[in-house]
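Read the structure below first, then the notes.
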């Protein structure tokens with residue numbers, strides 16, 4: 271077994287161990303570095319005093335700015351500005367603005383199917399004439415009994431497990447003889463950069479078959495092509511125990 | 000980790016007073032929760048963690064009347080807002096090409112004990128650097144759990160993933176930290 275594999279195996283954690291680390295409960299001494307890390311994260315984040323408030327926040331804290339009122343006053347102010355602007359328009363401009371608002375409202379309602387049938391058809395026809403938009407005439411047809419029956423594979427009626435174990439199906443499917451013995455080939459595509467099948471694997475019926483991590487190589491540690499750790503840009507601290515450069 | 004009550008059992012009274020705009024209650028919410036929110040944002044490498052903390056609390060205090068729940072739920076709600084503001088800041092930073100190394104702009108308060116403060120600063124820097132090397136989703140989960148003290152379900156709601164995905168991310172995040180520490184042999 272390679273050194274890398276030994277490191278991976280040593281840091282194989284289950285949910286109970288993780289929860290113990292997060293909650294600061296005593297656990298096996300081999301995880302002491304992680305316990306120290308968790309403690310340091312809390313200390314580094316929490317031990318500093320809170321920041322000074324910004325001017326806006328300070329006004330709220332002093333009660334100079336009433337909470338829950340600013341949005342309302344902004345809306346009133348914006349409405350008043352718009353009303354004043356409309357009032358300043360000439361008669362012809364006001365008629366044009368009103369017609370444009372009315373046309374936009376009818377077109378929107380027609381596109382959404384909110385008008386009575388004949389009016390709806392007329393508006394949609396007009397939109398199709400003047401634009402590349404094409405409304406589907408009918409909803410897709412389904413058999414009378416569509417959705418009445420759900421597969422036993424999905425309900426768990428055949429094996430007591432909701433959903434489908436993909437590995438089980440693949441072993442029964444044509445071509446099973448040509449398939450690899452386990453999932454997670456590193457030759458597979460990198461997937462999403464911040465989400466992988468491994469994130470969801472524990473929630474599926476195939477959980478017993480899910481690998482702990484994707485083999486290294488293309489695809490990394492199951493992070494969809496991202497390395498699990500990002501190379502440091504900060505040089506490591508010198509090991510003071512060896513006393514390099516000291517008399 | 001027992002759920003920590005940062006309001007000494009007075010959360011309901013503080014919330015009721017904050018809803019009607021009592022300055023003492025608004026101040027209490029800010030002074031109680033702003034250190035951990037600022038710490039979370041700092042550990043996440045926020046460009047301006049202190050300004051962002053103020054933004055978070057402006058939003059929290061303006062919306063406080065809409066909140067229903069207990070102290071743990073309130074903390075989770077505050078961290079949800081903080082996390083979203085952080086994402087907004089990152090998007091703004093990408094748009095403006097403001098790529099900043101974590102913690103570059105952080106100025107710690109003047110220390111009383113210089114030697115002790117230097118050690119703390121070194122450890123804090125080391126921890127921040129470790130967190131920076133994690134995959135972003137893993138870092139989000141670990142920091143929300145360790146700093147925010149959110150439960151798995153609360154973290155799932157905050158970052159929009161399932162509880163199972165959150166558990167997987169925290170397992171892998173801790174594994175990654177363990178491997179880094181073992182490979183590089185640098186004590187915390």
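Chains as they are written, first to last, in my numbering: chain Z, 271 to 517; chain C, 0 to 187.
Glycine is no exception: its CB is placed at the ideal position from the N, C-alpha and C atoms.
On a predicted model such as this, the values are computed, not experimentally measured, just so you know.
- In this structure, DSSP gives residue 133/C an extended state, which the three-state scheme calls strand.
- For residue 319/Z, at least one C-beta of chain C is nearer than 9 Å to its own C-beta.
- Contacts with chain C (Cβ-Cβ distance below 9 Å) from the region 282-309 of chain Z involve 282, 283, 284, 285, 287, 288, 289, 291, 292, 293, 294, 295, 301, 303, 304, 306, 307, 308 and 309, listed in chain order.
- With a contact defined as Cβ atoms closer than 8 Å, residue 146/C and residue 42/C qualify at about 6 Å.
- DSSP places residue 146/C in no alpha helix (DSSP H); its state is neither H nor E.
- For the region 52-71 of chain C, the set of positions with a beta-carbon nearer than 9 Å to some beta-carbon of chain Z reads 52, 53, 54, 56, 57, 60, 61, 62, 63, 64 and 65 in chain order.
- When 129/C, 25/C and 150/C are compared, the shortest CA-CA separation from residue 64/C is found for 25/C.
- Counted as a single uninterrupted DSSP element, the alpha helix (DSSP H) harbouring residue 177/C occupies residues 162-183.
- At a cut-off of 9 Å between C-beta atoms, residue 77/C does not count as an interface residue with respect to chain Z.
- Taking the beta carbon of residue 50/C as reference, the chain Z residues within 9 Å of it are 321 and 324, listed in sequence order.
- Cβ proximity to chain Z below 7 Å picks out 26, 29, 30, 33, 34, 35, 37 and 38 from the region 26-38 of chain C.
- One Cα belongs to residue 180/C, the other to residue 82/C, and the distance between them is close to 27 Å.
- Around the beta carbon of residue 148/C, a 10 Å sphere encloses 16 or more other beta carbons of the protein chains shown; the residue is thus reported as buried.
- In the structure shown, residue 300/Z adopts helical secondary structure according to DSSP, grouped into three states.
- Per DSSP, residue 40/C is one residue of the alpha helix (DSSP H) stretching across 22-42.
- Taking 9 Å as the threshold, the shortest C-beta distance from residue 153/C to chain Z does not fall below it.
- For a cut-off of 8 Å, the C-beta gap from residue 50/C to residue 10/C is around 27 Å, too long to register as a contact.
- Comparing alpha carbon positions, the residue from 288/Z, 330/Z, 281/Z and 329/Z closest to residue 300/Z is 281/Z.
- For residue 14/C, the uninterrupted alpha helix (DSSP H) run begins and ends at 10-18, by DSSP.
- For residue 6/C, the secondary structure class from DSSP, reduced to helix, strand or coil, is coil.
- With a cut-off of 8 Å on Cβ pairs, the region 133-144 of chain C is in contact with the region 167-176 of chain C, counting three or more such pairs.
- Annotated as distal: residue 320/Z and residue 22/C, with beta-carbon spacing of 9 Å or more.
- Contact note: residue 122/C reaches chain Z through 310, 313 and 314, using a C-beta cutoff of 9 Å and chain order.
- Around residue 145/C, the beta-carbon contacts reaching into chain Z at under 8 Å are 292, 308, 311, 312 and 315.
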